[in-house]
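For reference, the structure discussed in these notes is given below.
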Amino acid sequence: DDGYGLWLGSAREQGASVPVDWTSDSPTLRIAAEELRRSLPAGSRPVLLARADDAALAGQRIDRQALGTEGYRVQHATIGGRAVTLVTGATDLGILYGAFALLRHLDSGGDPANIALASAPQTRLRILNHWDNLDGVVERGYSGQSLWDWWTLPDFKDPRYADYARANASIGINGTVLNNVNAKAESLTAPYIAKAAALADVFRAYGIKVYLSARFSAPIEIGGLKTADPRDPAVAAWWKAKADEIYRAIPDFGGFLVKANSEGQPGPRDYGASHADGANMLASAVKPHGGIVMWRAFVYADTDPEDRAKQAYTEFEPLDGQFADNVLVQVKNGAIDFQPREPFHPLFGAMPKTPLIAEFQITKEYLGFATHLAYLGPMFEEVLDAPTGARRGETVASVITGKADGHTLSGMAGVANIGRDRDWSGSTFNQANWYVFGRLAWDPGLSSQALAREWAVQTFGSDPMVIGTVVAMMMRSREAVVDYTGPLGLAHLFATGHHYGPGPWVSDLARPEWNPVYYHRADRNGIGFDRTRTGSNAVAQYAPPIARRYADPRTTPLEDLLWFHHLPWDYRLADGRTLWEEMVRRYDRGVAEVAAMRAQWATLKSRIDAERWTKTDTFLAIQQREARWWRDASLAYWMSVNGLELPAGSKAPEHGLEHYKQLRFPYAPGNPH
Ligand code: BDP
24 DDGYGLWLGS
34 AREQGASVPV
44 DWTSDSPTLR
54 IAAEELRRSL
64 PAGSRPVLLA
74 RADDAALAGQ
84 RIDRQALGTE
94 GYRVQHATIG
104 GRAVTLVTGA
114 TDLGILYGAF
124 ALLRHLDSGG
134 DPANIALASA
144 PQTRLRILNH
154 WDNLDGVVER
164 GYSGQSLWDW
174 WTLPDFKDPR
184 YADYARANAS
194 IGINGTVLNN
204 VNAKAESLTA
214 PYIAKAAALA
224 DVFRAYGIKV
234 YLSARFSAPI
244 EIGGLKTADP
254 RDPAVAAWWK
264 AKADEIYRAI
274 PDFGGFLVKA
284 NSEGQPGPRD
294 YGASHADGAN
304 MLASAVKPHG
314 GIVMWRAFVY
324 ADTDPEDRAK
334 QAYTEFEPLD
344 GQFADNVLVQ
354 VKNGAIDFQP
364 REPFHPLFGA
374 MPKTPLIAEF
384 QITKEYLGFA
394 THLAYLGPMF
404 EEVLDAPTGA
414 RRGETVASVI
424 TGKADGHTLS
434 GMAGVANIGR
444 DRDWSGSTFN
454 QANWYVFGRL
464 AWDPGLSSQA
474 LAREWAVQTF
484 GSDPMVIGTV
494 VAMMMRSREA
504 VVDYTGPLGL
514 AHLFATGHHY
524 GPGPWVSDLA
534 RPEWNPVYYH
544 RADRNGIGFD
554 RTRTGSNAVA
564 QYAPPIARRY
574 ADPRTTPLED
584 LLWFHHLPWD
594 YRLADGRTLW
604 EEMVRRYDRG
614 VAEVAAMRAQ
624 WATLKSRIDA
634 ERWTKTDTFL
644 AIQQREARWW
654 RDASLAYWMS
664 VNGLELPAGS
674 KAPEHGLEHY
684 KQLRFPYAPG
694 NPH
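Below you can see the structure in the form of structure tokens.
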């Protein structure tokens with residue numbers, strides 16, 4: 024099994040061609056019917072697909088309010104004297120989601136005699152962000168070239184595009200941004216609009232809208248204007264005409280995603296205008312067509328050298344209330360950049376007048392690329408469940424679903440981990456990260472553990488020994504990566520030129536916040552970034568109850584300790600250990616966890632097909648070696664700084680510090696530089 028079938032193929036029996044009828048016709052319903060025919064087991068009741076307002080369902084008492092536009096209901100019913108499984112929704116897309124839910128229910132061991140499934144998505148936009156360049160290289164992509172073959176588009180529609188859409192629809196994803204946020208203006212030229220339109224034509228029946236990343240200076244680069252100032256009427260007119268042109272080709276185009284004034288990208292601030300000015304100008308261009316703008320809060324420019332973590336809040340919080348009603352501000356899960364662990368971003372809860380869309384990274388830029396096993400469900404969940412402190416009961420999830428502030432626009436975005444590799448995501452377990460992203464975007468209240476199980480059953484089949492082992496491995500995997508790369512709230516300790524191996528010693532890069540030493544601030548006496556009042560006071564960006572908690576090392580969760588505090592190496596933790604002892608303990612634990620995962624995987628050898636088993640086994644061997652590398656290099660460095668010995672029982676690093684310092688990567692995938 025090469026993994027191409029994702030969670031939809033591998034474990035599924037061939038269907039028994041159970042009769043499936045539908046009361047009205049559409050491409051979407053035909054897809055739903057085909058899915059069910061293909062996979063429903065023998066002996067299943069016949070299925071009826073019907074919209075909730077269909078006359079045939081008059082006697083069924085279906086709560087249409089609860090369905091919304093994308094929700095579904097699946098239940099046994101007698102219709103026209105016939106016992107059927109009814110799959111219904113207010114729209115055909117809702118019915119398609121219902122069909123996938125029915126298959127998921129059956130695959131996961133749900134009782135075929137007892138079917139009553141109902142769900143509606145908690146967010147409007149469930150959207151993948153592809154950081155795919157027009158030349159086929161995927162920024163921070165570790166699973167091969169871009170899926171989009173811009174060269175043969177629009178004529179050739181690779182069947183894989185439909186497979187991609189099908190996989191997304193099966194987990195409720197309803198949008199895709201095709202090109203990198205570090206965008207090229209060419210993606211907005213006529214030939215590329217035609218190519219995007221061809222993809223949109225494939226995706227449409229699966230309920231997936233196409234969006235584009237827009238380069239803010241496009242009016243200059245491809246429009247022949249002298250400026251891209253958002254307050255210039257000629258600029259606004261250019262974007263309006265551009266939007267009209269796109270909508271002629273793609274009538275259901277979703278809108279624009281914009282990275283502006285960040286890491287060298289152009290933006291409104293180049294002209295002294297604000298992010299709101301820029302976003303609103305684009306928003307008015309797409310507004311007549313029902314489009315939206317997702318404006319990223321990931322701003323990273325040389326303006327707050329004191330503490331990079333403060334920048335997004337500093338620039339965006341004052342703009343709350345100034346954005347047009349079809350703008351969402353897209354906020355990364357944490358304030359720095361997709362680290363293995365970051366406290367939730369302080370903008371969540373701080374911009375009640377603005378719909379915020381959360382951005383997570385599915386591709387594992389800082390968690391071992393495609394090779395290391397790290398199930399991200401617990402990380403997404405940890406952020407979604409975090410109380411913002413802004414109001415009683417408010418969590419990041421309630422902000423991004425729009426519930427906290429009564430917004431109808433809402434959403435979750437994930438930086439895709441999809442490429443042209445046969446298994447799509449570079450490894451079998453990375454498929455689970457795509458899966459869990461989609462399912463949590465649909466309902467941020469779902470449990471990452473339940474979703475791990477759901478994914479595992481559909482991916483490997485129902486063998487309880489396999490499922491139990493795989494879920495246990497998954498649930499501990501992300502914490503293991505945290506432990507061996509940056510325990511206790513340390514972050515951004517990566518070597519230069521890639522984000523793969525360790526480089527906590529790096530201190531020679533041009534800007535202070537490019538260097539790991541900026542983030543850990545270790546010296547003879549202590550370690551950690553003081554973000555309290557005596558330091559950068561980034562804690563003050565959180566609502567008071569959270570700020571108070573993070574302001575005191577005694578009430579800061581251990582997991583975030585050194586994110587917020589600079590502490591002496593011999594600082595005593597509640598359990599009596601010193602900070603240094605606890606750090607070493609965690610590095611050791613991370614390495615041990617990987618060894619344990621590998622041993623667990625070994626027990627499944629005869630229970631999993633050879634191809635997927637062997638690739639995973641090999642990757643776990645790499646991870647084991649590299650966890651040790653991370654631990655040894657980091658400890659060698661910390662010891663060179665603090666002059667301390669390792670606690671008894673902890674192994675000396677395999678090599679001296681110089682050895683780790685001079686290791687070089689000749690080439691790392693997905694690297695834009
Ligand atoms: C960082 C990546 C960089 C992206 C940037 C972004 O290293 O490649 O362009 O985020 O989100 O994580 O814009």
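Residues in the sequence shown are numbered from 24 upward in steps of one, following UniProt numbering.
Just so you know, even glycine gets a beta-carbon here, dropped at the ideal spot from N, CA and C.
{"Asked": "Ignore the nearest five residues each way along the sequence and tell me which others in A219's own chain have a CB closer than 7 angstroms to its CB.", "Found": "L201, V233, L235, I273"}
{"Asked": "Does the segment 417 to 432 touch the segment 452 to 462, meaning 3 or more C-beta pairs lie closer than 8 angstroms?", "Found": "no"}
{"Asked": "Measure from the alpha carbon of M497 to the alpha carbon of each residue in Q623, A563, H589, A413, then state which is nearest.", "Found": "Q623"}
{"Asked": "From this set, G524, A615, N548, which residue's C-alpha is nearest P689's C-alpha?", "Found": "G524"}
{"Asked": "Spell out the partners DSSP gives H99 in its beta bridges.", "Found": "T108"}
{"Asked": "Compare the C-alpha of F279 against each of L511, I216, R227, G287 and name the closest.", "Found": "I216"}
{"Asked": "Go through its chain and collect everything with a Cβ distance to F123's Cβ below 6 angstroms, but skip five positions before and after it.", "Found": "S193"}
{"Asked": "What ranges does the alpha helix (DSSP H) occupy inside the segment 277 to 322, keeping only unbroken runs of at least 4 residues that lie completely in it?", "Found": "298 to 309"}
{"Asked": "Could you pull the DSSP bridge partners for N152 from this structure?", "Found": "V200, V438"}
{"Asked": "Classify A65: buried if its beta carbon has 16 or more other beta carbons within 10 angstroms, exposed otherwise.", "Found": "exposed"}
{"Asked": "Determine the direct distance from the alpha carbon of T418 to that of G434, and round the result to whole angstroms.", "Found": "14 angstroms"}
{"Asked": "Would you mind working out which of L627, L680, Q481 sits nearest S131, comparing C-alpha positions?", "Found": "Q481"}
{"Asked": "Output the distance between the C-alpha atoms of R149 and G551, rounded to the nearest integer angstrom.", "Found": "36 angstroms"}
{"Asked": "Whose C-alpha, out of R556, A566, Q564, is nearest the C-alpha of D575?", "Found": "R556"}
{"Asked": "So N152 and G437 are in contact, right, with Cβ under 8 angstroms, and what is the actual spacing, rounded?", "Found": "7 angstroms"}
{"Asked": "Buried or exposed: which applies to N548, given that a residue is buried once 16 or more other Cβ atoms fall within 10 Å of its Cβ?", "Found": "exposed"}
{"Asked": "Kindly list the residues whose CB is nearer than 6 angstroms to the CB of V540, restricted to its own chain and excluding five residues on each side of it in sequence; keep chain order.", "Found": "S530"}
{"Asked": "Beta-carbon separation of G301 and F239 under 8 angstroms?", "Found": "yes"}
{"Asked": "May I ask you to report which of helix, strand or coil DSSP gives Q685?", "Found": "coil"}
{"Asked": "Using only alpha-carbon positions, find the residue among G357, R654, T411 that is nearest to M402.", "Found": "G357"}
{"Asked": "For the ligand BDP, is there any heavy atom lying closer than 7 angstroms to the beta carbon of D360?", "Found": "yes"}
{"Asked": "Give the DSSP bridge partners of T418, in chain order.", "Found": "P410"}
{"Asked": "How should P567 be labelled, buried or exposed, when 16 other C-beta atoms within 10 angstroms of its C-beta is the threshold for buried?", "Found": "exposed"}
{"Asked": "I'd like to check one pair, T519 with V509: are the Cβ atoms closer than 8 angstroms?", "Found": "According to the sequence displayed, residue 509 carries Gly and not Val. No, Cβ-Cβ distance for G509 and T519 is not below 8 angstroms."}
{"Asked": "Mind checking which residues open and close the alpha helix (DSSP H) that includes E502?", "Found": "487 to 508"}
{"Asked": "If you measure from the CB of R163, is any heavy atom of the ligand BDP nearer than 7 angstroms?", "Found": "yes"}
{"Asked": "In whole angstroms, give me the CA-to-CA distance for R331 and V316.", "Found": "25 angstroms"}
{"Asked": "Name the DSSP bridge partner or partners of Y234?", "Found": "V200, G278"}
{"Asked": "Among residues of its own chain, excluding the 5 on either side of I269, which ones have a beta-carbon nearer than 6 angstroms to its beta-carbon?", "Found": "I216, F276"}
{"Asked": "Are any of the Cβ atoms in chain D nearer than 8 angstroms to that of K218?", "Found": "In summary, chain D is missing from the structure at hand, where a single protein chain is found."}
{"Asked": "For the candidate residues R621, A241, N665, whose alpha-carbon lies nearest to that of L590?", "Found": "N665"}
{"Asked": "Just to confirm before moving on: does the CB-CB distance between Q646 and H395 stay below 8 angstroms?", "Found": "yes"}
{"Asked": "CB L305 to CB A237, shorter than 8 angstroms?", "Found": "yes"}
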